[in-house]
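Structure first, then comments.
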Amino acid sequence: MTLEWEADMDCTWAGAVYAALRYMGEPYTYEQILGLSGACYRIAFTEIWDWSATDALVAFDYSSILFNAIGYEQIWADRVEKDDRNEERKNIVRDITNGKPVIAINLRVAPEWGVITGFSENSKNFYCRTYFDKEHLNENNDYLESDFWPFMIIHFGEKKR
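Okay, so the sequence shown: first residue is 637 according to the working numbering, each after it adds one.
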């Protein structure tokens, strides 16, 4: 599944969660993700319009509410220091190998949410889906490499129910 602007899913966090859950076979819609998390009821204002105003996690942690509602443990990795990235890289590879895409922000172009979907043979590079892919995708919609190390990472832990 591709992620793209102006496709009625402009909250990149909810779009990334939707894509990951869909891959995992969960039946939730984008609208249900916004509603179950409460993110559909908020917007952050600034003096001038900023596209990040639609980001569900700018002003409040709606992610924990959603993960609780859908029955998953949520595991955060926030601003992982360079010395700790090898361990976090192993966590990402483990989750992807186990069929759980990883949600992250700042994968390509700008700090917006996307999904880490795979990794290179040596696990040095991640493959991902972001809202900035459309003009770079080929006819097969192959995955693109991430440009940056993400500054926030959300793992799907154990299913609680």
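Idealized CB from N, CA, C, for every residue including glycine.
Beta-carbon spacing of residue i, residue j below 7 Å
i: residue 711; j: residue 791; result: yes
i: residue 752; j: residue 768; result: no
i: residue 766; j: residue 744; result: yes
i: residue 709; j: residue 651; result: no
Buried or exposed by the 16-neighbour rule on C-beta atoms within 10 Å, applied to residue i
i: residue 698; result: buried
i: residue 739; result: buried
i: residue 665; result: exposed
i: residue 641; result: exposed
i: residue 643; result: exposed
Nonlocal neighbours in the same chain, by C-beta distance under 7 Å from residue i, ignoring five residues either side
i: residue 741; result: 747, 748, 749, 786, 787, 788
i: residue 759; result: 725, 729
Continuous alpha helix (DSSP H) stretch holding residue i: start and end
i: residue 666; result: 666-673
i: residue 703; result: 698-706
i: residue 654; result: 648-659
Between the CA atoms of residue j and residue i - distance to the nearest angstrom
i: residue 797; j: residue 707; result: 6 Å
i: residue 637; j: residue 655; result: 7 Å
i: residue 667; j: residue 676; result: 8 Å
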